[in-house]
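Per my numbering, residue 41 is the first one in the sequence shown, and the count goes up by one each step.
Just so it is clear, CB atoms sit at the ideal spot from N, CA and C, and this is done for glycine as well.
Since the structure comes first, as structure tokens, the remarks are kept for the end.
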Amino acid sequence: MEQIKSDIVDYLKANSFMDNNTSLKDNDSLTQNGIIDSIGLLELMDYICDKYSIEIPEDMLTPENFDSLQGITNMITKLAK
């Protein structure tokens, strides 16, 4: 799970969503902290699908699954089984 979180943070930094000095806690809101917007969320979804070879079902496209590192990690872990 830590590797998934690290991958997501690396992606966000590499794609200029956050700078190298920004720290992010597991449950910090990506949208409320201004890290990512709706277009960024779509790009993040594409990255997740490609990186982990998963498809995200429509019913899992919820704020709980995409607004924090913990939510994203939990979703990926469920789908990658």
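- If you draw a straight line from the Cα of tyrosine 92 to the Cα of lysine 118, it is about 11 Å long.
- Here the alpha carbons of glutamate 98 and alanine 54 stand approximately 27 Å from one another.
- In this structure, the alpha-carbon of glutamate 104 lies about 16 Å from that of isoleucine 48.
- Taking 8 Å as the upper bound for CB-CB distance, isoleucine 75 and methionine 58 are in contact here, some 5 Å apart.
- Serine 63 carries a coil assignment under DSSP once its states are collapsed to helix, strand and coil.
- Nearest C-alpha to serine 56 among Asp66, Asp107, Glu83, Met115: Glu83.
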